[in-house]
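Residue numbers (the working numbering): 7 to 281.
If you want it as structure tokens, here you go:
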């Protein structure tokens, strides 16, 4: 994993993300992806489950969130969580939204799979258990974003939707950095004709995106699909990084597919650093 953008930390509760060519910037965002380690939840949510919407004990989920908040030094009253629906809707987050969804899922930002902000005191977060986390950073504009891309969000082009929303605010695509986080790999992700047909309608360069393994069954590379969509939206290849971690292969993570839905959730997070 020589070029892996997500790096283990001493705390083991999360992997830290560094954007390419940005490591020396004072305002490098705080960004990362949680593991399943060093929490308090019991099987099958052992142990750092961060999702309130699964049938885990709510008090354990809250304690797990407090553990992660302490480790990354961003308190829960700065977190913002979206109510994800596998769509492509976005929301711009401002300071008054701080804390929404952080201690109870009932007040999360409703019906969104993408969040972005220009405010320093906000930590954007989203939940995953195989879907693709997409991170966005525009250093010149001092803006960060985060998206949740399962196959539905991917084929609805949530990656391109985020870039286009930023373009409307005067941010050039070539000034945006993007990272694709740990998620299920092509090795473990079987889909059918319906999904592949939707991928085909989005992209012309299909050679590396999927492989047919039997009649109507394919191994799909969801990370690479999102990479191609980001390139198509105008992000420079030198500004793109992609994780090699497969959430199904690695014991670091929860996997909805491997564990047949009875599992916890990891959290992606991103917030602006010091100016």
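Where is the CB? At the ideal position from N, CA and C, for every residue including glycine.
query                                                                                                                       : result
Identified DSSP bridge partners for residue 145                                                                             : Per DSSP, none; premise fails for residue 145.
Secondary structure of residue 196, DSSP reduced to three states                                                            : strand
Cβ neighbour criterion (16 or more within 10 Å) applied to residue 76                                                       : exposed
8 Å Cβ shell around residue 219 - same chain, five flanking residues per side excluded                                      : 196 and 225
Bridge partner(s) assigned by DSSP for residue 72                                                                           : DSSP output for residue 72 lists no bridge partner at all.
Cβ contact check for the segment 120 to 132 and the segment 150 to 162: 3 or more pairs under 8 Å                           : yes
Whole-angstrom distance between residue 129 and residue 80, CA atom to CA atom                                              : 7 Å
CB of residue 83 within 8 Å of CB of residue 278, strictly                                                                  : no
Residue environment, residue 90, which counts as buried when at least 16 other CB atoms sit within 10 Å                     : buried
Terminal residues of the beta strand (DSSP E) in which residue 14 lies                                                      : 12 to 14
Cβ neighbours of residue 26 in the same chain (closer than 6 Å, five flanking residues each side left out)                  : 247
Own chain, CB closer than 7 Å to residue 3, minus 5 neighbours either side, in chain order                                  : With the chain covering only 7 through 281, there is no way to say anything about residue 3.
Inside the segment 150 to 220 only - alpha helix (DSSP H) runs reaching at least 4 residues                                 : 157 to 161, 164 to 174 and 199 to 208
Backbone CA spacing between residue 114 and residue 70 [nearest angstrom]                                                   : 18 Å
For residue 228, the three-state DSSP class (helix, strand or coil)                                                         : helix
Separation of residue 234 from residue 267, as counted between CA atoms                                                     : 28 Å
Whole-angstrom C-beta distance between residue 10 and residue 207, which should lie under 8 Å                               : Not quite, the Cβ-Cβ distance comes to about 31 Å (not below 8 Å), so this is no contact.
Buried or exposed by the 16-neighbour rule on C-beta atoms within 10 Å, applied to residue 167                              : buried
Straight-line gap, residue 163 to residue 94 (C-alpha atoms, nearest Å)                                                     : 7 Å
Closest by C-alpha distance to residue 65, when choosing among 78, 47 and 190                                               : 47
Residues of its chain near residue 19, where Cβ-Cβ distance is below 7 Å and the 5 sequence neighbours each way are ignored : 40, 41, 43, 44, 54, 73, 74 and 77
Alpha-carbon to alpha-carbon, residue 145 and residue 242                                                                   : 14 Å
Simplified DSSP assignment, three categories, for residue 267                                                               : coil
Nearest residue (CA-CA) to residue 135, options 36, 96 and 269                                                              : 269
Outcome for residue 212 when other beta-carbon atoms lying within 10 angstroms are tallied against a minimum of 16          : exposed
Proximity below 8 Å, CB of residue 51 to CB of residue 110                                                                  : no
Host beta strand (DSSP E) of residue 123 (start-end)                                                                        : 120 to 123
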